[in-house]
Each structure stands twice: as C-alpha cells, then as structure tokens.
Ligand SMILES: [Zn+2]
C-alpha cells in the first residue's frame, strides 16, 4: 500500500484475484480511492469512491467503481487505514494479512457498464467501466482520515457523449 501523492493505492501481491466480464478474465492490479467520488448518481457525488483496476491478457483495463457513503465503519478499511503509509515512504507498507476483497464490496454486485477512459493520466481510452449500483459505507472518521490527506483527488464528470450506459440486470 502506497501514498503515491494522488491517492492511497493498494497493489495486488499476486494474480489470484480477478473478475469475469463478457467471458473475459481481468486480473486485479490495484485498487485506490477518490474523494469525492468521480461517478454521480442523480447528479450528485458520493463522499468517496473505490476503484478496482483490472487487466486482461491483452492489456485491456476493466475498472470496478464502488461509491462510498458515510455510515457503518468498514472493517477492511480499518485494517488498511491502521497501516496508512507516510507520504514520504515511497516503498509503501506491505500488508502481512491478506485483504478480504469481498468484504470490501456490497452484497449486491449489479453494475452499470460503459466504455470510458482512465481518470488519471494517461487517461487511456477503452477502459471497461463497471459501477456497482449499491454503495458501501465507511464511518465518517474513516472518510475524514482520507479527506484530510486528499481534500479533492477526483476528476469532474465528463459528458456522456455517444457512450451508452448498460445495466447488467
Ligand atoms: Zn480512480
């Protein structure tokens, strides 16, 4: 886990975690956080957003976005924030306990899909986005801890243009 100056990023230590999208396997590379959220529901940002960045064998990216609302404390975030690396520590912190990724996600994994781009440079096109409909919660203290370090690390929403939103039912 590193503080790369833009966000707190947790890099996968192995290639064991993956998602299946249209029959294609995308392996988890890393996940990171934004404050406030980059996606909006009904024109409103959520407090934060989690991005899980995956890649298939062809090097194509698929990102799962999870909106974060204030509420109950999240045990996985508790585990992460208790090892929060110092910004000066460019090597980051190695977590000695595996992260239960499913515990980081909501129960309902229905998602809205669209073709977009990465929100951080190089903003490469053709990223498969899946934004989960159900948010997760962090306690206000957990949100505040991140917000103190990153008061605003989100990219404002872009015009939908010709892109289509598709629910996966
Ligand atoms: Zn992101």
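In the numbering used here, the protein residues as written are 1 to 169.
We put the beta carbon where it would ideally sit given N, CA and C, even for glycine.
Every value quoted in this text rests on a predicted model; they were computed, and no experiment measured them.
I need the boundaries of the alpha helix (DSSP H) containing residue i, first residue and last residue.
i           : result
residue 131 : Residue 131 -> not in any alpha helix (DSSP H); beta strand (DSSP E) instead, spanning 127 to 132.
residue 76  : 75 to 81
For the beta strand (DSSP E) containing residue i, list its first residue and its last residue.
i           : result
residue 176 : Not covered by the structure: residue 176. The range shown for the chain is 1 to 169.
residue 136 : 136 to 138
residue 28  : 24 to 34
residue 61  : 61 to 70
residue 9   : 8 to 11
residue 111 : 111 to 116
residue 53  : 48 to 55
Which whole-angstrom value is the C-beta distance of residue i and residue j, which I expect to be below 8 Å?
i           : j          : result
residue 29  : residue 12 : 6 Å
residue 132 : residue 66 : 5 Å
Exposed or buried, which one is residue i when buried takes at least 16 other CB atoms within 10 Å?
i           : result
residue 164 : exposed
residue 95  : exposed
residue 20  : exposed
residue 126 : exposed
residue 103 : exposed
residue 251 : The displayed coordinates of the chain run from 1 to 169. Any statement about residue 251 would go beyond what the structure contains.
residue 41  : exposed
residue 23  : exposed
residue 61  : buried
residue 148 : exposed
residue 47  : buried
residue 16  : exposed
residue 78  : exposed
Excluding the 5 residues preceding and the 5 following residue i in the sequence, name in chain order all residues of the same chain whose CB lies nearer than 6 Å to its CB.
i           : result
residue 134 : 106 and 108
residue 167 : 112
residue 137 : 69, 71 and 72
residue 150 : 35
residue 154 : 34, 36 and 38
residue 64  : 52 and 130
Can you list, in chain order, the residues of its chain whose CB lies under 8 Å from that of residue i, leaving out five sequence neighbours each side?
i          : result
residue 18 : 25, 26, 27, 28 and 54
Here's a check: name, in chain order, each residue in its chain whose Cβ is nearer than 7 Å to the Cβ of residue i, leaving out the five neighbours to either side.
i           : result
residue 85  : 1, 2, 3, 92 and 93
residue 101 : 17
### Query
Taking contact to mean at least 3 C-beta pairs separated by less than 8 Å, is the stretch 153 to 160 in contact with the stretch 90 to 105?
By the criterion of at least three beta-carbon pairs nearer than 8 Å, the stretch 153 to 160 is not in contact with the stretch 90 to 105.
### Query
At a cut of 8 Å, does the stretch 72 to 91 reach the stretch 34 to 42 through at least three beta carbon pairs?
At 8 Å Cβ cutoff, the stretches do not touch.
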